[in-house]
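Numbering of the sequence shown is given in this note's numbering, commencing with residue 236 and proceeding in unit increments. One structure is given here, and the rest of the page talks about it.
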Amino acid sequence: MTDSGRLPAGRGVPEARLRTSVRDTVQREGARVGFLFDDSGMVSAAGGNPGDLEPTSFVSLSFAQFAAARDLAPEATGGELSRLAQAGGRCRFVLSSIFGGRTLALLFDDGAEMSDDRRTRGSTRPGRYPDVKDVEKAAQALSEAGASRVEGLGVNWSRDAEGEIDRIFKGED
């Protein structure tokens with residue numbers, strides 16, 4: 236700790252701030268669960284309780300849907316996509332573009348089993364998008380600290396896997 240009571244700057248502090256901002260946003264907005272992932276689909280932060288939701292499938296489908304919508308947005312709207320929302324009978328999710336090629340996926344329960352407290356907070360109100368400013372600021376701070384995204388399989392692995400999937404389905408050996 237420094238004399239001012241703050242943690243010294245370093246790679247770990249901005250990463251922790253990013254993880255904390257995701258957890259805080261999930262709680263403040265009344266979401267069941269939230270995942271922050273990069274442009275290769277790798278999760279760097281999560282918050283909430285997925286319950287019976289399979290996180291890998293949710294993130295994979297969210298990543299694919301947002302990437303497709305983002306690619307189509309310039310043709311369809313002449314602009315860039317910053318948010319995408321989809322609602323069903325029991326739940327809805329909102330995908331928000333975050334600084335540095337990241338996406339925040341928030342899942343909200345809208346069914347009868349949702350508590351009254353969560354029903355009246357944050358983005359559970361119709362027509363309101365979640366406030367993701369804290370996550371945005373934390374992602375910018377991470378970039379300014381010189382920390383890249385959390386290392387993992389990354390974009391090259393994703394491209395190689397995509398090529399292998401194409402090869403298999405085309406029947407190439």
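Note that the Cβ used here is the ideal one computed from N, Cα and C, for glycine as well.
- For serine 332, the enclosing beta strand (DSSP E) covers residues 326-333.
- Residues Ala320, Gln321, Phe343 and Asp345 of the same chain have their beta carbon placed closer than 7 Å to that of arginine 327, with the five preceding and five following residues left out of the count.
- Distance from the CA of glutamate 315 to the CA of glutamine 300, rounded to the nearest whole angstrom, comes to 15 Å.
- Shown here for arginine 258: same chain residues with a beta carbon closer than 6 Å to its own, the five before and five after excluded, namely Gly282 in chain order.
- Residue environment: proline 249 is assigned as buried (16 or more neighbouring CB atoms within 10 Å of its CB, all protein chains considered).
- Residue pairing by DSSP puts aspartate 344 in a beta bridge opposite Cys326.
- Between the segment 285-298 and the segment 370-383, the count of C-beta pairs closer than 8 Å stays below three; the two stretches do not touch.
- Take the alpha-carbon of arginine 325 and the one of threonine 255: they are about 27 Å apart.
- Under the three-state reduction of DSSP, glycine 269 is assigned to strand.
- Judged by DSSP in its simplified three-state form, glycine 398 adopts helix.
- Within the same chain, and ignoring the five residues on either side of lysine 372 in sequence, the residues whose Cβ sits closer than 8 Å to its Cβ are Ser256.
- C-alpha of glutamate 397 to C-alpha of serine 297: approximately 17 Å in a straight line.
- One thing to note: phenylalanine 270 has its Cβ within 8 Å of the Cβ of alanine 340.
- Per DSSP, serine 279 is one residue of the beta strand (DSSP E) stretching across 278-283.
- Judged by DSSP in its simplified three-state form, leucine 288 adopts coil rather than helix or strand.
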